[in-house]
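Below: one structure, written as structure tokens.
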Amino acid sequence: MSLIVPTMAEMMAKGESSEYLFWVGCSGSFDDRAKKITKALVKILNKCDVNFAVLGAEESCTGDPAKRAGNEFTFQMQAMMNIQVLDGYQVNKIVTACPHCFNTLKNEYPELGGNYEVIHHTQLIQELINQGKLTLEGGGEFAGKKITFHDPCYLGRANNVFEAPRSLIEKLDSELVEMKQCKSKGLCCGAGGAQMFKEAENGSKEINIERTEQALDVKPDIIATGCPFCNTMMTDGVKNFNKEDSVQVLDVAELIASAANL
Amino acid sequence: MISILLFSLLLIVGIGFFSWNVYKMRSNINLGLDIDRKDNKKQRWKTMLLVALGQKKMFKRPIPAMLHLAIYAAFIVTQIELIEIFIDGLFDNHRTFHNALGGFYTFIISFIEILSLLALIATFAFLSRRNLIKVPRLVMSEMKGWPKMDGNMILFMELILVSCIFTMNGADEMIHIAKTGESYGFTISQFIGPMFFDGMSMHSLHIAEKVGWWGHIIMVFTFLNYLPYSKHFHIFLAFPNTYYSNLEAKGRLTNMPAVTKEVSLMMDPNADPYAVAPEGDEVVQQKFGAKDVTDLTWKNLMDSYTCTECGRCTSSCPANVTGKLLSPRKIMMDTRDRLVEVGDNKRKHGKDYEDGKSLLGDYISEEELWACTSCNACVEECPVNIDPLSIIVDLRRYLVMEESKMPTELAGMLTNIENNGAPWQFSQADRLNWANED
């Protein structure tokens, strides 16, 4: 099944408008692993006939890592350029699979004049299931599997979204097991605050190793995440323990897409 | 008469010196930049009632929460007895409320005694957590020296306070029995009296009672005046500090209006690049980010005085638990220590005095700042809603925007964002390639 991914420019040329803008993000656009998450989400959106479009080549970094690194100039330059593009297409609703883009668009753009309703992809998928647009016939390959959810800091603690991803995992007839630090007490994967783009400072351990240990302690078959950067960090952590054959790291969108045979 | 004079003197000196220190603290906090935290009063009151008065966040860790609750409740309820002690002291009375309140008086004093006993037990538990069990977050590197002694001093003072109450009530119980043949009937001291003061002469009993009474009130004023020099000021500042909490989503970092002004000008195609600043526009030399405490907001500074060094932030910090140099508690302790230094300098040498030191560099190192993942665990953990992250970000801003000092990989990341709109070197034109790949 080929993906249907209209761009905002194409929609506009046809005189059409879309309900959602899917903000793909840098990771979802360029990182080979994260692209799979992007495609899984598009499959779900296509399946449910969600009227959406992407910006494609007109999308640019939200500025999140620049802001967290302390460069407010680069952040605001990015934000203002993005706001011009978004407002040019009269975007109202944005869905994104990246909690960092989510947080920045939702919380930091309004003060610069960009006001949108921003939701995380797990929230949209939950809504699609609740509306009956997406039905799961059991959990498919995930039925009976043990799944633990790693809370992305910028989705959970930063924006209090804890239940949407968990409610989706519970739809898979699988066993949701919580790590000793979860929800508001969840431990960071180590990528936030622009750490993704630098070597860690000197210490006794990598943060992703610490977090992966917590995840492996509950003996999961799958570590689920809702953030492409967490996905990278946890995948590396699992490889570090040579567990990549027995423990998969998957985004919630990938779980749902596969369970729905998409 | 002499005792009234002595007591009045103690009262004036005790409250006067405390007020002077509070005034200094207040003026130090006002050295910070302005930030608006006056909106949404209803939500603010609610936060204060739940978090400060109700200690909601403490109960995430039930054992220290219960011990802390015992001391907190004893502290609050003992204030009732303190009112009586003040009146007795000023008018040379003895148990002013006893006859007036009757049975209710017995109830109140008994209640105070029970809570005091619980507080005594909790204080011993806290001392052993610090000195015997050595709970990791209480013995970390930034807790060596003065902070360790400070923590123990507070607990010792609490022991003395409680012991004095029981000495006073125990001896008085025996005096009362000798005089009236009846017990006061206070829950604890009716046992303490016979246990410790049995067989003592009337004269010795009166001395013991006075020692307890004066010991208690002297300790109260000592404690009060020790507070501004210790980490223990949270007993007052927890309330305003939670009232002025950040009510926004934790993930939102502040926008910098000064930057917005410049960026808007840069992006305005009609802007005149040679324009002179309009007449009357103040030219304020403003730093981007924070180098010293005076570049932080007053709320950051209030946070630093509110911190009681419990270390919940540090024990939940992903950087700290993996052995990095960063400790959010140390960020708060450094901010407070530097603020006291800057404030004292200004009072001693005039308000424009510079000592050549700064929070960034002399207190907090770049390595600490670059270890932060901005995960907000420290902010979430703090039982009195302190926000170490906003200080870390402001210091980073200064490093990056004023001094261009940052790890080289981050410089590369920023260049990529500026050149091709992504933190990696991928062309913006390729953003949709994924849609056509397998």
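Chains as they are written, first to last, in my numbering: chain F, 138 to 399; chain U, 894 to 1331.
Where is the CB? At the ideal position from N, CA and C, for every residue including glycine.
Would you kindly work out how many angstroms separate the C-alpha atoms of F:Cys198 and F:Ile256, rounded to a whole number?
-> Translated into the one-based positions of the first sequence, residue 198 of chain F becomes position 61. Translated into the one-based positions of the first sequence, residue 256 of chain F becomes position 119. Their Cα atoms are separated by approximately 17 Å.
For U:Asp1323, which of helix, strand or coil comes out of DSSP?
-> For the purposes of this step, residue 1323 of chain U is identified with residue 430 of the second sequence, where counting begins at 1. U:Asp1323 sits in a helix when the DSSP states are folded into three classes.
Contacting residues, own chain, Cβ-Cβ under 8 Å from F:Leu392 (five flanking each side not counted) | To locate residue 392 of chain F, count along the first sequence from 1; it is residue 255. By the criterion of a C-beta distance shorter than 8 Å, F:Leu392 is surrounded in its chain by Phe279, Ile284, Leu305, Ile306, Leu309, Ile359 and Ala361, once the five residues flanking it on both sides are discounted.
Out of curiosity, what's the CA-to-CA distance linking F:Val375 and F:Leu387?
-> Looking up residue 375 of chain F in the first sequence gives position 238. Looking up residue 387 of chain F in the first sequence gives position 250. CA-CA distance, F:Val375 to F:Leu387, rounds to 12 Å.
For the stretch 338–371 of chain F, which residues have a beta carbon sitting closer than 9 Å to at least one beta carbon of chain U?
-> When C-beta distances to chain U are compared with 9 Å, the residues of the stretch 338–371 of chain F below that value are Glu338, Asn339, Gly340, Ser341, Lys342, Glu343, Ile344, Ile346, Glu347 and Arg348, in chain order.
4 or more residues per run - each alpha helix (DSSP H) lying fully within the stretch 367–396 of chain F = Entirely contained in the stretch 367–396 of chain F, the alpha helix (DSSP H) runs reaching 4 residues are, in chain order, 389–396.
Inter-residue Cα distance where the pair is F:Glu264 and F:Glu274 | Position 127 of the first sequence, counted from the first residue, corresponds to residue 264 of chain F. Position 137 of the first sequence, counted from the first residue, corresponds to residue 274 of chain F. The straight-line gap from Cα to Cα measures roughly 17 Å.
Which residue from F:Asn188, F:Gly323 and F:Pro236 puts its Cα closest to that of F:Thr144?
-> Within the first sequence, the letter at position 7 stands for residue 144 of chain F. Nearest option by C-alpha distance: F:Asn188.
If you check the beta carbons only, do F:Ala86 and F:Leu324 fall under 7 Å apart?
-> Residue 86 of chain F lies beyond the residue range present for chain F, which begins at 138 and ends at 399; the question has no answer from this structure.
Span separating the alpha-carbon of F:Phe159 from that of F:Lys342 | Locating residue 159 of chain F in the first sequence gives position 22, where the first residue counts as 1. Locating residue 342 of chain F in the first sequence gives position 205, where the first residue counts as 1. Straight-line spacing of the CA atoms in F:Phe159 and F:Lys342 works out to 36 Å.
Where DSSP assigns a beta bridge to F:Lys230, which residues make up the other side?
-> Within the first sequence, residue 230 of chain F is the residue found at index 93, counting from 1. Paired residue(s): F:Tyr157 and F:Glu254.
Please name the residues in the stretch 1145–1171 of chain U whose beta-carbon is closer than 8 Å to at least one beta-carbon of chain F, in chain order.
-> Against chain F - using a Cβ distance shorter than 8 Å - the residues of the stretch 1145–1171 of chain U are Arg1145, Leu1146, Asn1148, Met1149, Val1152, Thr1153, Glu1155, Val1156, Ser1157, Met1159 and Met1160.
Are the stretch 927–942 of chain U and the stretch 1130–1140 of chain U in contact at 8 Å, needing three or more beta carbon pairs?
-> With a cut-off of 8 Å, the stretch 1130–1140 of chain U and the stretch 927–942 of chain U count as touching, because enough Cβ pairs lie within range.
With burial defined as no fewer than 16 other Cβ atoms inside 10 Å of the residue's Cβ, what is the status of F:Phe167: buried or exposed?
-> Residue mapping note: residue 167 of chain F aligns to position 30 of the first sequence, counting from 1. With 16 or more Cβ atoms within 10 Å of its Cβ, F:Phe167 is classed as buried.
According to DSSP, what are the bridge partners of U:Thr1190?
-> Stepping through the second sequence from its first residue, residue 1190 of chain U is reached at position 297. U:Leu926.
Close beta carbons around U:Phe1116, own chain, < 6 Å, minus the five adjacent residues each side = On the second sequence, residue 1116 of chain U is found 223 positions in, with the first residue counted as 1. Counting only Cβ-Cβ distances below 6 Å, and skipping sequence neighbours, we find Met1050.
Looking at C-beta atoms only, is the number of pairs between the stretch 1269–1287 of chain U and the stretch 1197–1214 of chain U that lie closer than 8 Å three or more?
-> With a cut-off of 8 Å, the stretch 1197–1214 of chain U and the stretch 1269–1287 of chain U count as touching, because enough Cβ pairs lie within range.
Within-7 Å CB hit, U:Glu974 to chain F | To locate residue 974 of chain U, count along the second sequence from 1; it is residue 81. No, because no Cβ of chain F sits closer than 7 Å to the Cβ of U:Glu974.
What span of residues does the alpha helix (DSSP H) with U:Lys848 cover, start to end?
-> Absent from the structure is residue 848 of chain U, since the part of chain U shown begins at 894 and ends at 1331.
Given that F:Thr211 touches chain U, what residues does it touch there, using C-beta distances under 7 Å?
-> Within the first sequence, numbered from 1, the residue matching residue 211 of chain F stands at position 74. The answer, in chain order, is Leu1307, Ile1310 and Glu1311.
Leaving out five residues before and five after F:Lys335 in sequence, what residues of the same chain have Cβ atoms less than 6 Å from its Cβ?
-> Along the first sequence, read from residue 1 onward, the residue named residue 335 of chain F stands at position 198. Same-chain partners within the cutoff: there are none.
My guess is that U:Val1156 and F:Met214 are in contact by the Cβ rule of under 8 Å, so how many angstroms apart are they, rounded?
-> In the second sequence, residue 1156 of chain U corresponds to position 263, counting from 1. In the first sequence, residue 214 of chain F corresponds to position 77, counting from 1. At roughly 6 Å, the Cβ-Cβ gap stays under 8 Å, so U:Val1156 and F:Met214 are in contact.
Between the stretch 934–956 of chain U and chain F, which residues of the former have a C-beta closer than 7 Å to a C-beta of the latter?
-> Identification of residues in the stretch 934–956 of chain U having a C-beta nearer than 7 Å to some C-beta of chain F yields an empty set.
Nearest candidate by alpha-carbon position, reference U:Lys931, set U:Asp1237, U:Lys1192 and U:Phe1319 | For this step, residue 931 of chain U is matched to residue 38 along the second sequence. For U:Lys931, the closest alpha carbon among the candidates U:Asp1237, U:Lys1192 and U:Phe1319 is that of U:Lys1192.
Starting from U:Ala1164, follow the beta strand (DSSP E) in both directions and report where the run begins and ends.
-> As a first step, residue 1164 of chain U must be located in the second sequence, where it is residue number 271. Membership of U:Ala1164 in any beta strand (DSSP E) is not indicated, and neither H nor E is assigned to it by DSSP.
Local Cβ density within 10 Å of F:Glu245, reported as buried at 16 or more and exposed below that | Translated into the one-based positions of the first sequence, residue 245 of chain F becomes position 108. With 16 or more Cβ atoms within 10 Å of its Cβ, F:Glu245 is classed as buried.
Let me know the secondary structure DSSP gives F:Leu313 once reduced to three states.
-> Residue mapping note: residue 313 of chain F aligns to position 176 of the first sequence, counting from 1. If DSSP states are grouped into helix, strand and coil, F:Leu313 belongs with the strands.
Would F:Phe329 pass as a contact of U:Ser1267 if the rule is Cβ separation under 7 Å?
-> By 1-based counting over the first sequence, the position of residue 329 of chain F is 192. By 1-based counting over the second sequence, the position of residue 1267 of chain U is 374. Note on identity: in this sequence residue 329 of chain F is Gly, with Phe being the wrong assignment. For F:Gly329 and U:Ser1267, yes; Cβs fall inside 7 Å.
First through last residue of the beta strand (DSSP E) which encompasses F:Ile359 | Numbered from 1 along the first sequence, position 222 holds the residue referred to as residue 359 of chain F. Where F:Ile359 is concerned, the enclosing beta strand (DSSP E) stretches over Ile359 to Thr362.
Contact list for the stretch 268–299 of chain F against chain U, Cβ threshold 8 Å = Legend: CB atoms of the stretch 268–299 of chain F lying less than 8 Å from CB atoms of chain U belong to residues Cys290, Tyr291, Arg294, Ala295, Asn296 and Asn297.
The alpha helix (DSSP H) enclosing U:Phe997, as first and last residue numbers | Within the second sequence, residue 997 of chain U is the residue found at index 104, counting from 1. Gly996 to Asn1024 is the span of the alpha helix (DSSP H), which, as asked, contains U:Phe997.
F:Lys342, DSSP secondary structure in three states | The sequence position of residue 342 of chain F within the first sequence is 205, counting from 1. Three-state result, F:Lys342: coil.
Can you tell me the Cα-Cα spacing of U:Asp1065 and U:Arg1240, whole angstroms?
-> The residue labelled residue 1065 of chain U in the question sits at position 172 within the second sequence. The residue labelled residue 1240 of chain U in the question sits at position 347 within the second sequence. Those two C-alpha atoms are separated by around 48 Å.
Quick one: any contact between the stretch 1149–1167 of chain U and the stretch 1085–1103 of chain U, if contact means 3 or more CB pairs under 8 Å?
-> With a cut-off of 8 Å, the stretch 1085–1103 of chain U and the stretch 1149–1167 of chain U do not count as touching, because too few Cβ pairs lie within range.
Local Cβ density within 10 Å of U:Ser1220, reported as buried at 16 or more and exposed below that | On the second sequence, residue 1220 of chain U is found 327 positions in, with the first residue counted as 1. Buried: at least 16 other Cβ atoms inside 10 Å.
Does the distance from the CB of U:Ser1003 to the CB of U:Thr1080 come in under 7 Å?
-> Numbered from 1 along the second sequence, position 110 holds the residue referred to as residue 1003 of chain U. Numbered from 1 along the second sequence, position 187 holds the residue referred to as residue 1080 of chain U. Yes, the pair counts as a contact, with Cβ atoms nearer than the cut-off.
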